[in-house]
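Sequential numbering from 1 applies to the sequence shown in the UniProt record's numbering.
Glycine included, each C-beta is placed from N, C-alpha and C at the ideal position.
Since the structure is predicted, the reported quantities are computational estimates derived from the model, not experimental observations.
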Amino acid sequence: MGINFSCSAWAAQVEHYSRKKNHAVLVFDNRGTGNSELSVTGAGAIEPYKTSEMAKDTMNLLKWVGWEQDRSIHLLGVSLGGMIAQELCLVIPKRFKSVAFISTRCGSELDCPSKRSFSAVFKTTSKIATGDQALDLYLELLLPDGPFNDSTEEGRIFKSELREKLRSCHHLPREQPALAFGGHFYAAMMHHCSYEQLGNIADDLHPAKILVITGDSDELVLPKRSLELHEHLPGSELIVVKNAGHALPCQITEDFNSIMDRVIEEGNLAFCGH
Numbered sequence: 001m002g003i004n005f006s007c008s009a010w011a012a013q014v015e016h017y018s019r020k021k022n023h024a025v026l027v028f029d030n031r032g033t034g035n036s037e038l039s040v041t042g043a044g045a046i047e048p049y050k051t052s053e054m055a056k057d058t059m060n061l062l063k064w065v066g067w068e069q070d071r072s073i074h075l076l077g078v079s080l081g082g083m084i085a086q087e088l089c090l091v092i093p094k095r096f097k098s099v100a101f102i103s104t105r106c107g108s109e110l111d112c113p114s115k116r117s118f119s120a121v122f123k124t125t126s127k128i129a130t131g132d133q134a135l136d137l138y139l140e141l142l143l144p145d146g147p148f149n150d151s152t153e154e155g156r157i158f159k160s161e162l163r164e165k166l167r168s169c170h171h172l173p174r175e176q177p178a179l180a181f182g183g184h185f186y187a188a189m190m191h192h193c194s195y196e197q198l199g200n201i202a203d204d205l206h207p208a209k210i211l212v213i214t215g216d217s218d219e220l221v222l223p224k225r226s227l228e229l230h231e232h233l234p235g236s237e238l239i240v241v242k243n244a245g246h247a248l249p250c251q252i253t254e255d256f257n258s259i260m261d262r263v264i265e266e267g268n269l270a271f272c273g274h
């Protein structure tokens, strides 16, 4: 999952896929989030986070649970998780039957954040905004205005439901330490997967299904970064969701799950004769 989010953000997808036959779901907290500890050096100092190192965390977890068979995994990564997914595809591409890069970037260049996003991040990380006020700032960043317009009862209910989901993503089982947030932010900002590397990913994943998906109103990772990913991942599919922001699994849950169902099915079909 992305910066400052625990694996509870995948709750709707866990519920969806755990009901399906012949499916096993693995979600986990990245280092410094939820139940995962801060990563420290042997001397006890906090080390800078890198997406390549976070990918190694994932590889170690896959080894521990025994998911090491070739072409056995469907990989979904959102935002920072999508950057970590790129690193995984560089080192263990043959493990995957499909990969979905969701609301993410390859790190070719940094985009200047909008005033609203900069203000929200500053207020929440500096604790100027706390509690429900901070959660509402996150909601404004993650989703476009339409779905939770306070002027309608439907909008107020939707906003309340999303606030509770967001509360569990951020503050349960514990609030993310400031050092961990800084580590995640550093990893995301410093991530870089070159165009050549993206081409290698596409070649090495083939014939696995590759999806790049974004919302056209994403303020955190601009939609043009998903278009860039798609352009440099030959054979990938691009989906741009209208009136959608950064949190696609939460905003358009049913449609998102249906899209992932199709991606998984196409990934399975790609290896039927193998």
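Residue(s) in a DSSP beta bridge with residue i
| i | result |
| --- | --- |
| I239 | I213 |
| G77 | F101 |
As assigned by DSSP and simplified to three states, the class of residue i
| i | result |
| --- | --- |
| H206 | coil |
| L233 | coil |
| L110 | coil |
| F271 | coil |
| F96 | strand |
| P249 | helix |
| Q13 | helix |
| K50 | coil |
| K56 | helix |
| Q86 | helix |
| F28 | coil |
| D255 | helix |
| S226 | helix |
| S18 | helix |
Cβ-based neighbour list, residue i, same chain, cut-off 8 Å, excluding 5 preceding and 5 following
| i | result |
| --- | --- |
| E266 | S98, K209 |
| V91 | A55, M59 |
Exposure label - residue i; buried when at least 16 CB within 10 Å
| i | result |
| --- | --- |
| N60 | exposed |
| L229 | buried |
| C272 | exposed |
| Y186 | exposed |
| R31 | buried |
| T41 | With a pLDDT of 49 at T41, under the threshold of 50, the modelled position of that residue is not reliable, and no figure is offered here. |
| L248 | buried |
| R19 | exposed |
| Q251 | buried |
Chain-order list of residues whose beta-carbon lies under 6 Å from that of residue i (same chain, five-residue window excluded)
| i | result |
| --- | --- |
| R225 | R105 |
| G183 | G32, Y49 |
| N257 | H16 |
7 Å Cβ shell around residue i - same chain, five flanking residues per side excluded
| i | result |
| --- | --- |
| residue 294 | What is shown of the chain runs 1 to 274, which leaves residue 294 out entirely. |
| H23 | Y17 |
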